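Numbering-wise, the working numbering puts 288 at position 267 of the sequence shown, and it's gapless, one number per residue. These notes concern the structure reproduced below.
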Amino acid sequence: MHEMKRYPTDDEAKKLICEIGRRMYQKNFVAANDGNISCKVDDDIIWATPTGVSKGFMSEDILVKLRLDGTVLSQGPLKPSSEIKMHLRVYNENPEVGGVCHAHPPVSTSFAIAGMSLDKAIYPEALVNLGTVPCVHYETPGSQGIPDSIAPYCRDYNALLLANHGALSWGRDVMEAWYRLESVEHYAMVIMYTGNIIGKANVLSCDQVGELMEIRKRMGYTSGGGMPACTARPTNTVDVVASNAPVNPAPETPRVLKTYGQSEAASSCGCTGSAGASEAELRAITQAVLERLKNL
Ligand SMILES: [Zn+2]
Numbered sequence: 022m023h024e025m026k027r028y029p030t031d032d033e034a035k036k037l038i039c040e041i042g043r044r045m046y047q048k049n050f051v052a053a054n055d056g057n058i059s060c061k062v063d064d065d066i067i068w069a070t071p072t073g074v075s076k077g078f079m080s081e082d083i084l085v086k087l088r089l090d091g092t093v094l095s096q097g098p099l100k101p102s103s104e105i106k107m108h109l110r111v112y113n114e115n116p117e118v119g120g121v122c123h124a125h126p127p128v129s130t131s132f133a134i135a136g137m138s139l140d141k142a143i144y145p146e147a148l149v150n151l152g153t154v155p156c157v158h159y160e161t162p163g164s165q166g167i168p169d170s171i172a173p174y175c176r177d178y179n180a181l182l183l184a185n186h187g188a189l190s191w192g193r194d195v196m197e198a199w200y201r202l203e204s205v206e207h208y209a210m211v212i213m214y215t216g217n218i219i220g221k222a223n224v225l226s227c228d229q230v231g232e233l234m235e236i237r238k239r240m241g242y243t244s245g246g247g248m249p250a251c252t253a254r255p256t257n258t259v260d261v262v263a264s265n266a267p268v269n270p271a272p273e274t275p276r277v278l279k280t281y282g283q284s285e286a287a288s289s290c291g292c293t294g295s296a297g298a299s300e301a302e303l304r305a306i307t308q309a310v311l312e313r314l315k316n317l
């Protein structure tokens, strides 16, 4: 028997949206009036953030209530955001979705600007909560192009990067959508640190990724989330007690005792003599002295 889906009440939904807005702002996921949040309260109805307001300082009376076809049912002093089209499309493409979050978190937005997806098998929580995060092609923010660009991914993934724009996530409820947005930024940060600062990452093996996908299924996640590239053999099975060996040890160079050649010695002390002379030279000098002595 399929359990009846329980949606939050209007009041609960509005409280959740304002709370997530505060967290979004405090975590530096948005600047100025960026970002938007929506929460489903019935099969065909959502509450959403309006346009032109900082997500850190919202009150419940400014939120907007809409049908999934975009009809406004109730609004305060502000209109719905132009980005609400993107939220409506996620709900329309995937009826399991109960909440959607969008922001411009700095690290994931940088990956989106670089046109890079988040798909490294390096971090179990990211793989369980998100799977992979594709980067969809650029469309003007607020345009109809954005909902069209995300539509193919709404059933099979849990979050997306929007090229040169930001990040979008959804979940069975709005809190799950928010946690996924946090996970996207965290995942992007870990990929940045390992790939671009530490410069090394042990990629999970395909068996290790397979186990995580099982956990994912047990947690009731129905969307696949995509499969990241994995390695045939694990490289993370040995304890590392000390990893402070020099990264690039200097090559062993034999100690060389500095000696002077004959000409150097002569020019430096202005004298003649045997200092630094070779064995053959010494023999020649001895021979010459002996010859002289013979002739005396
Ligand atoms: Zn945006």
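In this text, a Cβ means the ideal position worked out from N, Cα and C, and glycines have one as well. Since this is a predicted model, take the numbers as computed values, not measurements.
(request) Indicate the three-state DSSP secondary structure (helix, strand or coil) for K100 in the structure shown. (result) Three-state result, K100: coil.
(request) Tell me whether Y214 is buried or exposed, calling it buried when 16 or more other Cβ atoms sit within 10 Å of its Cβ. (result) exposed
(message) Using CA atoms only, rank isn't needed, just tell me which of P173, V111, V51 is closest to C60.
(response) V111
(request) Could you round the C-beta distance between G192 and G120 to whole angstroms and report it? I think they count as a contact, below 8 Å. (result) 6 Å
(message) Restricting to runs no shorter than 4 residues, where is the alpha helix (DSSP H) found entirely within the stretch 151-231?
(response) For secondary structure counted as the alpha helix (DSSP H) over 4 or more consecutive residues, the stretch 151-231 holds these complete runs in sequence order: 166-171, 195-213.
(message) Let me confirm a value: D63 is counted as buried when at least 16 other C-beta atoms fall within 10 Å, else exposed. Which label applies?
(response) D63 comes out exposed.
(message) I'd like to confirm something about P162: is its beta-carbon nearer than 6 Å to some heavy atom of ligand 1, or not?
(response) yes
(request) Could you tell me if F132 is buried or exposed, where buried requires 16 or more neighbouring beta carbons within 10 angstroms of its beta carbon? (result) buried
(message) Within a Cβ cutoff of 7 Å, which residues of the same chain sit near A184, ignoring the five residues on either side of it in sequence?
(response) A133, G136, C156, V157, H158, Y159
(request) May I ask whether a heavy atom of ligand 1 can be found less than 6 Å away from the beta carbon of G119? (result) no
(request) State whether the stretch 246-263 contacts the stretch 136-147, with contact taken as three or more CB pairs (one from each stretch) at a distance under 8 Å. (result) Yes, the stretch 246-263 touches the stretch 136-147.
(message) If the criterion is Cβ atoms closer than 7 Å, does the pair I167 and M107 meet it?
(response) yes
(request) Mind checking who G245 pairs with in its DSSP beta bridge? (result) G245 is bridged by DSSP to nothing; it lacks a bridge partner.
(request) Would you decide whether A147 is buried or exposed? Buried here means 16 or more other CB atoms lie within 10 Å of its CB. (result) Buried is the call here.
(message) Between the alpha carbons of G241 and M234, how many angstroms are there, rounded?
(response) 11 Å
(message) Under DSSP, the alpha helix (DSSP H) around K106 begins and ends at which residues?
(response) 105-114
(request) State the DSSP-derived secondary structure class of G294, mapped to helix, strand or coil. (result) Residue confidence is low: G294 scores 45 on pLDDT, short of 50, so the model does not pin down where it sits. No coordinate-derived value is stated.
(message) Could you check whether the Cβ of G187 sits closer than 6 Å to any heavy atom belonging to ligand 1?
(response) Set against 6 Å, the gap from the CB of G187 to the closest heavy atom of ligand 1 is smaller.
(message) Once DSSP output is grouped into helix, strand and coil, what is the label at E40?
(response) helix
(request) For I83, name the three-state secondary structure that DSSP assigns. (result) helix
(message) Measuring only the C-alpha atoms, how far is T258 from V154?
(response) 27 Å
(message) Check for me: the beta strand (DSSP E) holding A18 runs from which residue to which?
(response) Any property of residue 18 remains undetermined from this structure, which presents the chain solely from 22 to 317.
(request) Could you check what DSSP says for S131 in three-state terms: helix, strand or coil? (result) helix
(message) Rounding to the nearest angstrom, what Cα-Cα distance links P116 and D260 in this structure?
(response) 45 Å
(request) Spatial neighbours of R201 within its chain, please: CB distance less than 7 Å, with the 5 preceding and 5 following residues excluded, ordered by chain position. (result) N150, L151, N179, A180, S190, G192
(message) I'd like to check one pair, T72 with L94: are the Cβ atoms closer than 7 Å?
(response) no
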